[in-house]
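S.K.: This is the structure I have questions about; it appears just below.
Residue numbers (my numbering), protein chains in the order written: chain S, 2 to 88; chain Y, 647 to 1228.
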């Protein structure tokens, strides 16, 4: 039981690590640090860095959460066959 | 007059709905009062979280701030949405698994110490009051402009309404009224945005529209805006003026602060399962993103409309909204060059910045100011940024019902957040202070009574803050985020992800974080406001972003102290182990 919990937690941490890097990249990275550089690329009326800072980062955030929901539900199923019973 | 009647109708109807829902879902037990019986559907909870989250500041102030800050304003957009990723991934599911009622509950249990619980309660009450002050001021602004009562009366009406459903319904009442408030709020935000987007660019989707070309021309809206703002002496709209380090820290402080805001966290205690907590955070962010991706579009539209409709216009021919907001005291005009028309450009128009109105009227009928004109520039207009969203439909000459809708939406935003905050204040007093610390013998009925008394007192104090407001709505709120980021967020995060952190570490971390952040903000924002320039800032970080540094200091202090003191007891190890499993 204990061992199963540890592997579950490790897989969770791995998922967290990769999703948090995307989170960082889309906001702090594209929206702030490299924003001025990305601004040299223009798509329609938007400079790309500006678009990431005011639009793109938010869309990425939403996607990250739903990917996490999906991955964790799958992980839960794999480790604890019936995860619906709680409380 | 027709707009006025419609406003009464919309606001009255929405209030009737809120009170009706509160009556239908009133709380019968402490479980109902604190966490809505843990039976809220994740989508409904997502909506309620969104309403709880999107405050007067998001609805009323944010687009206005961005309109004047341009790209610098992105920190609010990223900061106030990115925090949900932290909540969904790092906190919500584990705290839901823990399964108690309040945030201090977790801190107190995880760090096996009533001192830790007490420190958390102090931080929480502080954050909530700072935050709630902004809401009441928002309520006051909406009432005074659209229902033509003065700001103070507006605040009192708002207090009575919140009292009714927060005290009676507790979390259960609040949750379902928030669902209704979300619908009112988002509808009220999107309708004018869509209208204005069509008017300016011909594109019905504001998120796309503000990257589109202007109607009947091949110039992109944002390019035009850049050009206009540069001509008037501001920086280009789509370029930053703040340094990267400052932008980084402000965004981080807002994100981690969001993760530490007790009234948001506690919403995830209301869903039935751990997996629902994750899902619910996702839905919440979708509902929030709908407004947050619209806001920068509204900002760009309103900036250009604002300039177009007043620049070089004679005061006597100025649009009605200009005079209405002037009468309320959130706009002022001083004819520096005596040409009787309005000139707007960069710089503070007035000495002393805020207008000080006299009783007299000038030659053109404007309110005469006691301020001396600021000779350093030619700007003649003082504008409080908080009015942009509310004035936007009028500036764009939209029909009366849209304006009425915006008033109802602004109130929904302010009231829903105020109610959520009142609940965490009252539950932290009745549950954490009384039941768990000082009066453990009280029964459930008494606890519920104390919770209601505490909310009543909290509403009264919040009202006082609304009547004597400390500064801009959004600025006050930045303070709350700094404190949340440097105290509550680290305590929760380390409590879940580290087994080694003990009570000594957590308590000293929170205290150092709180003291550091508070003194930095108080120093620059209240004591020595003239010293508040980037040369004096610690590593170039403004008071808005200092919460992030406070958080890093908290981590360092907590780990250092923990490694020199003894390990947490065995049962804490088991507890952490159990919250990590769904």
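The beta carbon of each residue, even a glycine, is placed where N, CA and C say it ideally should be.
Quick caveat: nothing in here was measured; it's all calculated off a predicted structure.
Run through the segment 968-1010 of chain Y for me and flag every whole beta strand (DSSP E) of 3 or more residues, listed as ranges in chain order.
M.R.: Here the runs fully enclosed are 977-979 and 1003-1007.
S.K.: For the segment 22-40 of chain S, which residues have a CB atom closer than 8 Å to at least one CB atom of chain Y, in sequence order?
M.R.: Under the 8 Å Cβ criterion, the segment 22-40 of chain S contributes 24, 28, 29, 32, 33, 34, 36, 37 and 40.
S.K.: Leaving out the 5 sequence neighbours to the left and right, which residues in its chain are closer than 7 Å to residue 810 (chain Y) when beta-carbon positions are compared?
M.R.: The answer, listed in chain order, is 665 and 668.
S.K.: Does the beta carbon of residue 74 (chain S) come closer than 9 Å to any beta carbon on chain Y?
M.R.: For residue 74 (chain S), the answer is yes, since a Cβ of chain Y falls inside 9 Å of its Cβ.
S.K.: Do the segment 733-748 of chain Y and the segment 33-51 of chain S touch if we need at least three Cβ pairs shorter than 8 Å?
M.R.: Not touching, per the Cβ criterion.
S.K.: Could you tell me which chain S residues have their CB closer than 9 Å to the CB of residue 1226 (chain Y), listed as they occur along the chain?
M.R.: Within chain S, the residues near residue 1226 (chain Y) are 6, 9, 10 and 13.
S.K.: Along chain S, in chain order, which residues have C-beta atoms closer than 8 Å to that of residue 932 (chain Y)?
M.R.: Simply 63.
S.K.: Taking a cut of 8 Å between CB atoms, which residues from the segment 1147-1170 of chain Y lie near chain S?
M.R.: Per Cβ criterion, the list is empty.
S.K.: With DSSP as the reference, label residue 1102 (chain Y) as helix, strand or coil.
M.R.: Looking at residue 1102 (chain Y) - three-state DSSP - the assignment turns out to be helix.
S.K.: CB residue 819 (chain Y) to CB residue 672 (chain Y), shorter than 9 Å?
M.R.: In contact: residue 819 (chain Y) and residue 672 (chain Y) (Cβ atoms closer than 9 Å).
S.K.: From the DSSP secondary-structure annotation, give me the bridge partner or partners of residue 960 (chain Y).
M.R.: Answer is Y:987.
S.K.: Give the secondary structure of residue 672 (chain Y) by DSSP, where H, G and I count as helix, E and B as strand, and everything else as coil.
M.R.: Three-state result, residue 672 (chain Y): coil.
S.K.: Have a look at residue 1079 (chain Y) and residue 1096 (chain Y) and give me their C-alpha separation to the nearest angstrom.
M.R.: Looking at the two C-alpha atoms, the distance is approximately 11 Å.
S.K.: For residue 915 (chain Y) and chain S, any beta-carbon pair shorter than 9 Å?
M.R.: Closer than 9 Å: no.
S.K.: Whole alpha helix (DSSP H) runs in the segment 765-813 of chain Y with 4 or more residues, listed along the chain?
M.R.: You should have 797-808.
S.K.: Going along chain Y, which residues have a C-beta under 7 Å from residue 48 (chain S)?
M.R.: Those are 884, listed as they occur along chain Y.
S.K.: Using DSSP with H/G/I as helix, E/B as strand and the rest coil, what is residue 1083 (chain Y)?
M.R.: Here residue 1083 (chain Y) sits in helix by DSSP.
S.K.: Can you give me the start and stop residues for the beta strand (DSSP E) that residue 1146 (chain Y) sits inside?
M.R.: Run containing residue 1146 (chain Y): none; DSSP gives neither H nor E here.
S.K.: Tell me whether the beta-carbon of residue 787 (chain Y) lies closer than 9 Å to the beta-carbon of residue 976 (chain Y).
M.R.: Cβ atoms of residue 787 (chain Y) and residue 976 (chain Y): closer than 9 Å.
S.K.: What in chain Y is Cβ-close to residue 18 (chain S), meaning under 8 Å?
M.R.: Ordered by position in chain Y, no residue passes the 8 Å Cβ test against residue 18 (chain S), which lies about 10 Å from the chain.
S.K.: Between residue 1149 (chain Y) and residue 51 (chain S), how many whole angstroms is the CB-CB distance? I'm expecting something under 8 Å.
M.R.: Not confirmed; about 46 Å, so no contact.
S.K.: Might you give, ordered along the chain, the residues of its own chain that have their beta carbon closer than 8 Å to the beta carbon of residue 856 (chain Y), omitting 5 neighbours on each side?
M.R.: Excluding positions up to five away in sequence, the list reads 843, 847, 867, 868, 942, 943, 946 and 947.
S.K.: Give the interface partners of residue 899 (chain Y) over in chain S, defined as CB-CB distance under 9 Å, in chain order.
M.R.: Result: empty, since nearest Cβ-Cβ is about 12 Å, beyond 9 Å.
S.K.: Is residue 853 (chain Y) close to chain S? Criterion is C-beta to C-beta, closer than 9 Å.
M.R.: Yes, its Cβ sits closer than 9 Å to a Cβ of chain S.
S.K.: Buried or exposed for residue 996 (chain Y), going by 16 or more other Cβ atoms inside 10 Å?
M.R.: So residue 996 (chain Y) ends up on the buried side.
S.K.: Residues in the same chain with beta-carbon distance under 8 Å from residue 954 (chain Y), minus the five sequence neighbours each way, listed in chain order, please.
M.R.: Nothing meets the Cβ criterion.
S.K.: Using a Cβ-Cβ distance under 9 Å, would residue 1086 (chain Y) count as near chain S?
M.R.: Judged by the 9 Å Cβ criterion, residue 1086 (chain Y) is not in contact with chain S.
S.K.: When the Cα atoms are used, what is the spatial distance from residue 891 (chain Y) to residue 974 (chain Y)?
M.R.: Between residue 891 (chain Y) and residue 974 (chain Y), the C-alpha separation is close to 38 Å.
S.K.: Using the beta-carbon of each residue, which ones in chain S are nearer than 9 Å to residue 869 (chain Y)?
M.R.: Result: 46.
S.K.: Which residues in chain S sit within 7 Å of residue 939 (chain Y), going by Cβ to Cβ distance?
M.R.: The answer, in chain order, is 56 and 59.
S.K.: For residue 1168 (chain Y), count neighbouring C-beta atoms within 10 Å of its own C-beta (all shown protein chains included) and say buried if the count is 16 or more, exposed if not.
M.R.: The residue in question, residue 1168 (chain Y), is exposed, as its Cβ has fewer than 16 Cβ neighbours within 10 Å.
S.K.: On the DSSP letters alone, give me the boundaries of the alpha helix (DSSP H) that residue 1028 (chain Y) sits inside.
M.R.: Run containing residue 1028 (chain Y): none in the alpha helix (DSSP H); it sits in the beta strand (DSSP E), 1027-1029.
S.K.: Would residue 719 (chain Y) count as contacting chain S if we go by Cβ distances under 9 Å?
M.R.: With 9 Å as the cut-off, residue 719 (chain Y) counts as an interface residue toward chain S.
S.K.: Going by the CB atoms, is the gap between residue 1047 (chain Y) and residue 695 (chain Y) shorter than 9 Å?
M.R.: Going by C-beta atoms, residue 695 (chain Y) is not nearer than 9 Å to residue 1047 (chain Y).
S.K.: Verify the contact flag: residue 821 (chain Y), CB atom, against every heavy atom of the ligand NAP, threshold strictly below 8 Å.
M.R.: The ligand NAP is not part of this structure, which contains no ligands at all.
S.K.: Quick one: what does DSSP say residue 853 (chain Y) is sitting in, helix, strand or coil?
M.R.: Here residue 853 (chain Y) sits in helix by DSSP.
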